[in-house]
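Q:
In the working numbering, the protein residues as written are 79 to 222.
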């Protein structure tokens with residue numbers, strides 16, 4: 079049973095997160111897609127961990143995101159081993175200065191290709207992963 083669980087764990091396709099917001103905006107313009115920007119504290123914020131596990135890593139979300147979104151994660155871990163490169167830390171701090179001045183975690187924003195905020199979710203969504211994903215897909219569809 080453990081072997082099967084490990085196999086399933088490693089065969090799930092990973093979500094592709096764009097580390098550079100400027101690249102994300104370029105890709106979003108090229109593909110006519112929206113940007114989902116998630117602010118997280120991956121190694122200390124309980125709601126962030128739940129959001130990632132139950133929502134962002136769900137198959138229903140990843141299937142939809144693969145076809146409709148450019149994903150950017152601005153992570154603010156506390157453990158030294160989880161902290162990114164100085165360049166990544168600076169990019170995340172710049173994003174926080176622009177979009178998350180209050181320091182809310184988790185904070186998820188849906189943006190257009192120019193970086194304009196379309197929708198904001200402060201904390202974990204209050205709907206199921208399927209309902210949340212459907213809401214995002216509806217917004218994406220309405221803008222194509």
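For every residue, glycine included, the Cβ atom is placed at its ideal position computed from N, Cα and C.
How would you label residue 23, buried or exposed, when you count the other beta carbons within 10 angstroms and need 16 or more for buried?
A: An answer regarding residue 23 cannot be provided, because it is not within the stretch 79 to 222 covered by the chain.
Q: Could you check the C-alpha separation between residue 139 and residue 207 for me, to the nearest Å?
A: Going by the C-alpha atoms only, they are around 7 Å apart.
Q: Roughly how many angstroms lie between the CA atoms of residue 83 and residue 132, to the nearest whole one?
A: No answer about residue 83 holds up, because its pLDDT of 40 lies below 50 and its placement is not dependable.
Q: Between which two residues does the alpha helix (DSSP H) carrying residue 117 extend?
A: Element bounds for residue 117: not the alpha helix (DSSP H) but the beta strand (DSSP E), 112–118.
Q: Spatial neighbours of residue 183 within its chain, please: C-beta separation below 8 Å, excluding the five flanking residues on both sides.
A: Excluding positions up to five away in sequence, the list reads 117, 118, 119, 123, 125, 126 and 154.
Q: In angstroms, rounded to a whole number, what distance separates the CA positions of residue 201 and residue 171?
A: If you take the alpha carbons of residue 201 and residue 171, they lie about 19 Å apart.
Q: Looking at the secondary structure, which residues open and close the alpha helix (DSSP H) in which residue 144 lies?
A: Unbroken alpha helix (DSSP H) run through residue 144: 137–146.
Q: Look at residue 217 and residue 197 and say whether their C-beta atoms are less than 8 Å apart.
A: Yes, the Cβ-Cβ distance between residue 217 and residue 197 is below 8 Å.
Q: Using the DSSP secondary-structure output, state which residues sit across from residue 128 in a beta bridge.
A: Per DSSP, none; premise fails for residue 128.
Q: Looking at the unbroken alpha helix (DSSP H) that takes in residue 134, where does it start and where does it end?
A: Careful: residue 134 lies outside any alpha helix (DSSP H) and carries neither H nor E.
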